[in-house]
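Novice: Each residue of the sequence shown is one higher than the last, beginning at 1 in the working numbering. Beta carbons are placed, not taken as given, at the ideal position from N, Cα and C, and that holds for glycine.
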Amino acid sequence: MGAIPNLQSYKALEVLWSFWKLQGVYSVEKYRFYQYIHAAIVLSSINGICSILFVGELFIVHSFKELLDNLSMSLCLLICGYKTIIILRTRLQIIQIRPILDQLDIRPSTEAQRSEMANVCTTCNRLTLIICFSYLLVNGLFGLMAALSGRQHLVFPVWLPYDWRVSAFRFWITWLYQNVAQFFFCVQQAANDATGPVYLNILNTHLRILMYRIESLCNDPEKSDLQKQKELIEAIEDHRLITKIFDILQGTVSYTILLQFVGSCLVICMIILDYFLYNLTLTEIFTGLFFIVAEMIEIAPCCYYSNEFMSSTDEFVNSIYSADWTTESIKFKKLMIIFMILTQKSKVIIAGKVVPVTLATFASSSLKSIDSMVIETNRYQFFKTNPF
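See below:
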């Protein structure tokens with residue numbers, strides 16, 4: 001007898017967790033010695049050393065433009081490192097989601113539902129790759145400009161304990177380190193930013209499949225009342241499992257999402273400020289545009305999928321109410337009423353328990369970035385024309 005096909009939603013996590021594994025974040029309950037060493041090497045050599053080099057440069061900048069350019073990358077690096085530390089600290093809670101998904105996957109499902117979940121898994125893996133590619137593209141442009149500069153400037157201006165201009169060897173060794181570090185940084189950033197959208201997309205799909213199950217349950221005249229009650233109790237349990245996953249995300253990933261909002265708003269503000277204040281080269285203009293798009297990609301998917309999940313939770317209670325269960329037994333009706341009561345509250349991720357993660361928040365964040373940019377531009381022009 002062949003195995004009963006299930007939804008296999010865990011496949012949506014394949015690319016995401018391969019990225020995390022590269023950073024030393026493993027989906028195991030207890031780390032082995034080499035795994036501790038792996039995580040420590042990445043955090044120290046990428047996040048630690050790079051942060052020191054970028055922050056050190058802040059003390060030796062020669063112009064406001066250099067300050068803006070350095071701050072945008074310094075913020076990205078520091079926030080990314082802090083998000084990674086949050087994921088490492090809450091890793092044990094996040095890996096608890098996988099066995100819960102396995103419980104949801106083994107529930108009876110139709111071919112159409114399995115196909116829908118397979119499409120979602122493909123979308124999640126592609127989304128993670130697209131986010132990573134966006135970051136790699138932006139950083140690759142910086143690396144290319146440095147390589148073609150005739151050893152005039154590095155990938156990013158940073159403080160170094162030696163003079164990289166002395167020889168070609170020092171320049172290319174520094175260039176190589178910066179590119180390798182930026183590659184790991186891009187993968188780390190992509191894993192950070194894709195965690196919320198991927199898990200929310202899986203969760204939303206499970207919730208919608210549960211909706212279909214309840215609707216088909218009430219419309220199936222061939223099932224006995226006891227069988228319907230049993231399947232309804234299973235549906236209530238599945239909803240509890242979905243809520244449990246949501247609570248885990250709320251207590252873990254929501255804090256990284258808050259940092260995404262803060263970091264993206266500040267970085268976009270500084271890039272646009274750079275556009276308004278200085279005559280940039282064509283290469284700098286395109287690089288800045290790519291950077292802005294990458295920052296938008298950083299927060300947009302999370303807002304979208306969180307908004308979708310919120311909409312699904314709103315629709316869920318309506319789907320229960322709209323199902324044809326008025327002719328069922330008294331016990332079945334009581335179960336349905338209890339189920340409706342349990343599902344009345346809308347669920348939305350609250351970033352750091354401060355900001356609701358929705359499309360409205362995304363639009364608001366973008367507008368605040370522009371407002372901040374206008375304020376800072378006016379302030380800069382005022383101090384420029386009215387020196388004390």
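Under a three-way DSSP split, which group does Ile272 fall into?
Specialist: Taking the sequence shown and counting its residues from 1, the one referred to as residue 272 is at position 272. Looking at Ile272 - three-state DSSP - the assignment turns out to be helix.
Novice: Out of Cys186, Ser329 and Ile87, which one is the CA nearest neighbour of Thr128?
Specialist: Reading the sequence shown from its first residue, position 128 is the one you call residue 128. Closest by alpha carbon: Cys186.
Novice: Relative to the C-alpha of Ile41, which residue among Val55, Lys30, Leu58 and Leu22 is closest?
Specialist: Within the sequence shown, numbered from 1, the residue matching residue 41 stands at position 41. Measuring from the Cα of Ile41, the nearest candidate turns out to be Leu22.
Novice: So, does the segment 95-107 touch the segment 236-252, judging by three or more C-beta pairs under 8 Å?
Specialist: yes
Novice: From Ala39 to Val28, what does the alpha carbon distance come to, in whole angstroms?
Specialist: The count along the sequence shown starts at 1 and reaches residue 39 at position 39. The count along the sequence shown starts at 1 and reaches residue 28 at position 28. Taking the straight line from one Cα to the other gives about 13 Å.
Novice: Given this structure, state the Cα-to-Cα distance separating Ala363 from Leu137, to the nearest angstrom.
Specialist: The residue you call residue 363 lines up with position 363 of the sequence shown. The residue you call residue 137 lines up with position 137 of the sequence shown. Across the structure, Ala363 and Leu137 are spaced so that their CA atoms are roughly 25 Å apart.
Novice: Buried or exposed, going by whether 16 or more other CB atoms sit within 10 Å of the CB of Trp17?
Specialist: The sequence position of residue 17 within the sequence shown is 17, counting from 1. It counts as buried.
Novice: Measure from the alpha carbon of Gly352 to the alpha carbon of each residue in Leu359, Leu259, Lys345 and Thr326, then state which is nearest.
Specialist: Within the sequence shown, residue 352 is the residue found at index 352, counting from 1. For Gly352, the nearest C-alpha among the options comes from Leu259.
Novice: Spatial neighbours of Glu328 within its chain, please: CB distance less than 8 Å, with the 5 preceding and 5 following residues excluded, ordered by chain position.
Specialist: Residue numbering aside, residue 328 sits at position 328 when the sequence shown is read from its first letter. The residues Cys218, Asp225, Lys228 and Met336, in chain order, have a CB closer than 8 Å to that of Glu328 in the same chain once the five nearest residues on each side in sequence are set aside.
Novice: Measuring alpha carbon to alpha carbon, tell me which of His153, Thr174 and Gln152 ends up nearest Pro422.
Specialist: Past the edges of the chain, shown from 1 to 388, lies residue 422, and the structure says nothing about it.
Novice: Output the distance between the C-alpha atoms of Val253 and Pro197, rounded to the nearest integer angstrom.
Specialist: Along the sequence shown, one-based indexing puts residue 253 at 253. Along the sequence shown, one-based indexing puts residue 197 at 197. The alpha-carbon atoms of Val253 and Pro197 are separated by roughly 10 Å.
Novice: Restricting to runs no shorter than 4 residues, where is the alpha helix (DSSP H) found entirely within the segment 279-344?
Specialist: Taking only runs of at least 4 residues, the alpha helix (DSSP H) segments lying wholly in the segment 279-344 are 282-322 and 330-342.
Novice: Can you tell me which residues form a DSSP beta bridge with Ala351?
Specialist: Reading the sequence shown from its first residue, position 351 is the one you call residue 351. Paired residue(s): Val355.
Novice: Can you grab the Cα-Cα spacing for the pair Ile46 / Ile85, in whole Å?
Specialist: As a working note, residue 46 is residue 46 in the sequence shown. As a working note, residue 85 is residue 85 in the sequence shown. Their Cα atoms are separated by approximately 13 Å.
Novice: If I follow the unbroken alpha helix (DSSP H) through Leu398, where does it start and stop?
Specialist: No answer is possible for residue 398: it lies beyond the span of the chain, which begins at 1 and ends at 388.
Novice: So, for Leu78: in the same chain, excluding its five sequence neighbours on each side, which residues have a beta-carbon less than 7 Å away from its beta-carbon?
Specialist: By one-based count along the sequence shown, residue 78 stands at place 78. Cβ neighbours of Leu78 beyond the five flanking positions: Ser51.
Novice: Go ahead and label Tyr305 buried or exposed: buried means 16 or more other beta carbons lie within 10 angstroms of its beta carbon, across all protein chains shown.
Specialist: In the sequence shown, the residue the question calls residue 305 occupies position 305. The residue in question, Tyr305, is buried, as its Cβ has 16 or more Cβ neighbours within 10 Å.
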